[in-house]
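Peer 1: Residue numbers (my numbering), protein chains in the order written: chain A, 632 to 933; chain B, 632 to 933. Pasting a structure below so you can have a look.
There are 2 protein chains.
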Amino acid sequence: MKKQFVAYIRNLQNEITSALEEIDGKAKFVEDKWTRKEGGGGRTRVIENGNVFEKGGVNISEVHGKLPESMQAYFGVKDADFFACGLSLVLHPTNPMVPTVHANWRYFEMYNAEGTIVDSWFGGGQDLTPYYLFEEDAIHFHTVCKTACDKHDSSFYKAYKKRCDEYFYNTHRNEARGVGGLFFDYLKQTETMTMEDWYNFVTEVGNSFLESYLPIVKKRKDLSFLKANRDWQEIRRGRYVEFNLVHDKGTLFGLKTNGRIESILMSLPPHVQWRYDHHPEEGSEEEKLVKILQQPKDWISY
Amino acid sequence: MKKQFVAYIRNLQNEITSALEEIDGKAKFVEDKWTRKEGGGGRTRVIENGNVFEKGGVNISEVHGKLPESMQAYFGVKDADFFACGLSLVLHPTNPMVPTVHANWRYFEMYNAEGTIVDSWFGGGQDLTPYYLFEEDAIHFHTVCKTACDKHDSSFYKAYKKRCDEYFYNTHRNEARGVGGLFFDYLKQTETMTMEDWYNFVTEVGNSFLESYLPIVKKRKDLSFLKANRDWQEIRRGRYVEFNLVHDKGTLFGLKTNGRIESILMSLPPHVQWRYDHHPEEGSEEEKLVKILQQPKDWISY
Numbered sequence: 632m633k634k635q636f637v638a639y640i641r642n643l644q645n646e647i648t649s650a651l652e653e654i655d656g657k658a659k660f661v662e663d664k665w666t667r668k669e670g671g672g673g674r675t676r677v678i679e680n681g682n683v684f685e686k687g688g689v690n691i692s693e694v695h696g697k698l699p700e701s702m703q704a705y706f707g708v709k710d711a712d713f714f715a716c717g718l719s720l721v722l723h724p725t726n727p728m729v730p731t732v733h734a735n736w737r738y739f740e741m742y743n744a745e746g747t748i749v750d751s752w753f754g755g756g757q758d759l760t761p762y763y764l765f766e767e768d769a770i771h772f773h774t775v776c777k778t779a780c781d782k783h784d785s786s787f788y789k790a791y792k793k794r795c796d797e798y799f800y801n802t803h804r805n806e807a808r809g810v811g812g813l814f815f816d817y818l819k820q821t822e823t824m825t826m827e828d829w830y831n832f833v834t835e836v837g838n839s840f841l842e843s844y845l846p847i848v849k850k851r852k853d854l855s856f857l858k859a860n861r862d863w864q865e866i867r868r869g870r871y872v873e874f875n876l877v878h879d880k881g882t883l884f885g886l887k888t889n890g891r892i893e894s895i896l897m898s899l900p901p902h903v904q905w906r907y908d909h910h911p912e913e914g915s916e917e918e919k920l921v922k923i924l925q926q927p928k929d930w931i932s933y
Numbered sequence: 632m633k634k635q636f637v638a639y640i641r642n643l644q645n646e647i648t649s650a651l652e653e654i655d656g657k658a659k660f661v662e663d664k665w666t667r668k669e670g671g672g673g674r675t676r677v678i679e680n681g682n683v684f685e686k687g688g689v690n691i692s693e694v695h696g697k698l699p700e701s702m703q704a705y706f707g708v709k710d711a712d713f714f715a716c717g718l719s720l721v722l723h724p725t726n727p728m729v730p731t732v733h734a735n736w737r738y739f740e741m742y743n744a745e746g747t748i749v750d751s752w753f754g755g756g757q758d759l760t761p762y763y764l765f766e767e768d769a770i771h772f773h774t775v776c777k778t779a780c781d782k783h784d785s786s787f788y789k790a791y792k793k794r795c796d797e798y799f800y801n802t803h804r805n806e807a808r809g810v811g812g813l814f815f816d817y818l819k820q821t822e823t824m825t826m827e828d829w830y831n832f833v834t835e836v837g838n839s840f841l842e843s844y845l846p847i848v849k850k851r852k853d854l855s856f857l858k859a860n861r862d863w864q865e866i867r868r869g870r871y872v873e874f875n876l877v878h879d880k881g882t883l884f885g886l887k888t889n890g891r892i893e894s895i896l897m898s899l900p901p902h903v904q905w906r907y908d909h910h911p912e913e914g915s916e917e918e919k920l921v922k923i924l925q926q927p928k929d930w931i932s933y
């Protein structure tokens with residue numbers, strides 16, 4: 632399974648970066664290969680100052696070794712060896728009418744002293760963060776998510792959509808980071824799902840990513856915008872930073888377990904603003920977005 | 632002591648905001664009074680888009696009530712009542728040649744069920760975060776800190792300078808946030824120091840703030856700068872955000888204990904950049920700063 636999923640994410644990284652370069656039409660991804668002292672490494676690909684993408688990264692990593700002490704308590708184990716691999720992406724478009732997107736699909740194995748797998752699971756998901764709300768974009772994104780889920784189990788979309796709304800939530804602001812998508816974790820063997828079944832599910836979701844996002848980019852990338860729209864985008868990006876640095880478990884793990892800082896923090900937006908006590912005007916498009924984020928809603932029926 | 636220190640910080644807030652408005656020459660502090668549902672409140676004063684200060688806040692708060700559950704474990708107590716008051720300030724100048732400054736002076740009391748004080752302490756300090764390093768500015772700042780300390784105990788400067796270097800450190804970047812200053816906490820009654828003595832010490836430090844910072848502002852505020860200098864400032868401000876959101880105990884406490892979000896996050900800079908794997912040019916002024924931050928140094932002898 633390890634080999635199978637590693638091969639999958641390597642290939643998916645190529646597919647996604649090619650498609651993004653094509654739609655960007657100007658900037659190319661720059662690749663950094665890195666190795667981890669304790670075992671493994673990764674391939675970070677970053678795009679900056681494109682026609683469409685102001686900053687973004689599509690990274691894969693495959694790390695292994697002794698489970699860091701700081702993660703032992705989290706997983707409730709002692710002195711275990713682990714293997715983890717995954718693809719992580721965040722794209723920050725220049726045009727405030729194009730939403731930011733984040734996705735991550737990962738696989739984890741834990742071993743006993745003899746090197747036998749004692750536990751393994753998949754995790755991941757994808758979620759959309761608009762600055763201006765085009766309801767049809769949210770509906771499109773969720774429809775693609777649901778279609779991928781439904782091929783495997785009719786209960787998945789509802790469950791993972793809900794977990795996404797719960798996870799990507801800035802509790803200190805009482806608002807969601809964006810309009811959601813899917814979030815799942817600890818997908819382990821059950822009576823009805825083998826690890827092979829989960830592999831098929833997670834790769835189905837991964838394969839649906841470009842279809843979930845690119846049509847939205849195409850539709851919005853050439854819309855005109857004003858400096859005020861851009862200011863609003865930069866202010867909202869501040870909320871993105873707050874979520875990633877204060878609440879996101881993946882980011883905090885990385886920062887506290889000697890991960891490759893630049894690969895972890897490539898998720899942070901290029902230009903960001905914080906204004907004191909900023910509130911959008913009543914009745915404005917900006918206020919409409921905030922109201923939706925304060926009360927995560929169902930974009931499609933299920 | 633409670634009354635005495637509250638009166639002190641109210642007065643100090645007035646003094647500091649007046650002096651800052653005078654040197655800014657354009658923007659005025661806007662005041663927000665707020666109350667805390669569970670008891671107490673504060674007076675937040677924010678300045679934005681001035682001649683000198685792009686964004687800054689000088690806030691006081693006096694809060695009391697049941698110690699929030701999330702703080703009980705931290706202080707190793709159960710079901711206690713508390714009182715806390717303090718002045719907190721952060722100033723982000725527009726000109727990258729003028730350093731950012733942060734200061735905080737606070738007093739804490741804990742009570743048993745009968746309302747008797749069972750513990751009390753002072754805490755605080757002040758630290759400087761330059762974007763371009765003028766060694767004489769760091770020396771001036773530390774000299775004022777040391778002079779204030781030395782009036783009370785010749786060991787204080789050394790001890791609190793060291794704690795400042797240790798506290799304001801971005802472990803995930805292996806670099807200090809700035810060139811330090813003073814940091815102290817849990818200043819409690821000892822054989823040689825009464826609470827009144829600590830009050831005299833902390834207020835001495837508080838009273839020295841304007842003298843530590845304003846001469847630097849005056850000297851640097853009219854220096855010319857290029858867009859590249861400003862970009863560098865915004866990139867470094869990213870590190871400031873990382874420290875405050877990932878490591879700063881005060882900020883995280885506030886965010887997790889239902890503090891007034893806008894007063895807590897007024898510390899975040901107005902315009903910030905994150906670039907992937909950015910490194911200053913070899914031999915540049917920017918690199919010189921980074922090297923100093925990687926190895927906190929003694930600015931004055933002690």
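For each residue, glycine too, the CB sits at the ideal point set by N, CA and C.
Going by beta carbon distance, what residues of the same chain come within less than 6 angstroms of Asp750 of chain B, once the five residues before and after it are set aside?
Peer 2: Scanning its chain for C-beta atoms nearer than 6 angstroms, with the 5 sequence neighbours on each side dropped, one finds around Asp750 of chain B the residues Met741, in chain order.
Peer 1: Which first and last residues belong to the alpha helix (DSSP H) in which Trp752 of chain B is found?
Peer 2: Under the DSSP assignment, Trp752 of chain B falls outside any alpha helix (DSSP H), being part of the beta strand (DSSP E) whose first and last residues are 748–760.
Peer 1: Are the Cβ atoms of Ser719 of chain B and Asn735 of chain B separated by less than 9 angstroms?
Peer 2: yes
Peer 1: Under 8 angstroms between beta-carbons, which chain B residues line up against Val677 of chain A? List them in chain order, please.
Peer 2: Tyr907, Asp908
Peer 1: Going by the beta-carbon positions, is the gap between Met632 of chain A and Tyr830 of chain A smaller than 9 angstroms?
Peer 2: yes
Peer 1: Give the C-beta separation of Pro598 of chain A and Leu920 of chain A to the nearest angstrom, bearing in mind that I take them to be a contact with Cβ-Cβ under 8 angstroms.
Peer 2: Lying before the first or after the last residue shown, residue 598 of chain A is absent from chain A, which here runs from 632 to 933.
Peer 1: Listing by chain order, which chain B residues have their CB less than 9 angstroms from the CB of Lys634 of chain A?
Peer 2: Those within 9 angstroms of Lys634 of chain A in chain B number zero; the least Cβ separation is about 30 angstroms.
Peer 1: What is the residue span of the beta strand (DSSP E) that Gly688 of chain B lies within?
Peer 2: 684–697 is the span of the beta strand (DSSP E), which, as asked, contains Gly688 of chain B.
Peer 1: Taking 9 angstroms as the CB-CB cut-off, is Leu876 of chain A touching chain B?
Peer 2: yes
Peer 1: Leaving out the 5 sequence neighbours to the left and right, which residues in its chain are closer than 6 angstroms to Leu698 of chain A when beta-carbon positions are compared?
Peer 2: Ala711, Phe713
Peer 1: Gln904 of chain B versus chain A: which residues are under 7 angstroms apart at the beta carbon?
Peer 2: For Gln904 of chain B, the C-beta contacts it makes with chain A under 7 angstroms involve Pro901, His902, in order along the chain.
Peer 1: Quick one: grab the DSSP three-state call for Gln820 of chain A.
Peer 2: coil
Peer 1: Tell me which same chain residues have a C-beta within less than 8 angstroms of the C-beta of Cys795 of chain A, skipping the five on either side of it?
Peer 2: Gly756, Asp758, Gly811, Gly812, Leu813, Phe814
Peer 1: Taking 9 angstroms as the CB-CB limit, is Arg794 of chain B close to chain A?
Peer 2: no
Peer 1: Between Leu803 of chain B and chain A, is the shortest Cβ-Cβ distance under 9 angstroms, so that the two count as touching?
Peer 2: Going by the sequence as given, residue 803 of chain B is His instead of Leu. With its beta carbon less than 9 angstroms from one in chain A, His803 of chain B belongs to the interface.
Peer 1: For Arg674 of chain A, name the three-state secondary structure that DSSP assigns.
Peer 2: strand
Peer 1: Using 9 angstroms as the threshold, is the C-beta distance between Asn838 of chain A and Ala790 of chain A below it?
Peer 2: no
Peer 1: Among A:Val721, A:Val661, A:Asn690, which one has its Cα closest to the Cα of Pro900 of chain A?
Peer 2: A:Val721
Peer 1: Using a 10 Å radius around the Cβ and a threshold of 16 neighbouring Cβ atoms, would you call Ala658 of chain A buried or exposed?
Peer 2: With 16 or more neighbouring CB atoms inside 10 Å of its own CB, Ala658 of chain A falls in the buried class.
Peer 1: Helix, strand or coil: how does DSSP classify His733 of chain B here?
Peer 2: strand
Peer 1: Where are the alpha helix (DSSP H) runs, 4 residues long or more, that stay fully inside the region 841–885 of chain B, in chain order?
Peer 2: 858–873
Peer 1: Could you spell out where the alpha helix (DSSP H) holding Gly837 of chain A opens and where it closes?
Peer 2: Counting along the chain, the unbroken alpha helix (DSSP H) around Gly837 of chain A starts and ends at 826–838.
Peer 1: Have a look at the DSSP bridge pairing and note the partners of Thr666 of chain A.
Peer 2: Residue pairing for Thr666 of chain A: DSSP places it in a beta bridge opposite A:Gly672.
Peer 1: Tell me the residue span of the alpha helix (DSSP H) that contains Leu651 of chain A.
Peer 2: For Leu651 of chain A, the enclosing alpha helix (DSSP H) begins and ends at 633–655.
Peer 1: Within the same chain, show all residues whose beta-carbon is closer than 8 angstroms to that of Phe660 of chain A, passing over the 5 residues directly before and after it, in chain order.
Peer 2: Thr648, Leu651, Glu652, Arg676, Val677, Ile678, Val689
Peer 1: Out of curiosity, what's the CA-to-CA distance linking Tyr788 of chain B and Cys776 of chain B?
Peer 2: 7 angstroms
Peer 1: Under 7 angstroms Cβ to Cβ from Glu865 of chain B, same chain only, skipping five residues before and after it: list those, please.
Peer 2: His902, Val903, Gln904
Peer 1: I'd like the span of the beta strand (DSSP E) that includes Gln904 of chain A, first residue to last.
Peer 2: 902–904
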